[in-house]
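Under the numbering used here, the sequence shown has 352 at position 64, and the numbering climbs by one with no breaks.
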Amino acid sequence: MAVNMLNIAGLERLDPQSPVVMLNLMRFHARSRDGDGSGWDAYLRYSAITVPMIKARGGTLLWTGDAKAIALGPHAGNDWDFVALVHYPTVAAFLDMMTSEAYETQADPHRLNGCAEHVIIATSEAYSKFRAT
289 MAVNMLNIAG LERLDPQSPV VMLNLMRFHA RSRDGDGSGW DAYLRYSAIT
339 VPMIKARGGT LLWTGDAKAI ALGPHAGNDW DFVALVHYPT VAAFLDMMTS
389 EAYETQADPH RLNGCAEHVI IATSEAYSKF RAT
């Protein structure tokens, strides 16, 4: 997903002032496309730039980790290397970051060098109604 692949139309259907959690699924190149280390190395450079951008907009990294195994569902196409959950106080905050010049020029090149594939799924925080009481 390059910034030009950002599904702005889909995100604009969400309440722009509602909190959102983004599920990030990443598959890395063996070697960074710029030749500077591995895909993981490039992703670490991306994260070093992006995490302060997330925090500046009131966001938080909720969880990150290696994708270990497919627990349910088809294996084909679901061999992810890394997973991250990122909370944003609003959809507008996410869009502000993703469409900023700083993200496009400083962060996204590292993401593109590192990730063979990167999918972000927007989730709502309306899950609380399903929690056991």
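Just so it is clear, CB atoms sit at the ideal spot from N, CA and C, and this is done for glycine as well.
Considering only Gly347, Ser326 and Met386, the residue with the shortest C-alpha distance to Leu294 is Met386. In terms of Cα proximity to His406, the closest of Ala372, Ser306 and Ser326 is Ala372. Linking Glu389 to Ile342 through their CA atoms gives a straight-line distance of about 14 Å. A straight line joining the alpha-carbon of Pro362 with that of Lys356 spans about 15 Å. Residue pairing by DSSP places Gly353 opposite Val371 in a beta bridge. Pairing Val379 with Ser320 gives a Cβ-Cβ distance that is not under 8 Å. When rounded, the separation of the alpha-carbon atoms in Leu349 and Val339 is 8 Å. Ala410: member of the beta strand (DSSP E) spanning Cys403 to Ser412, first to last residue.
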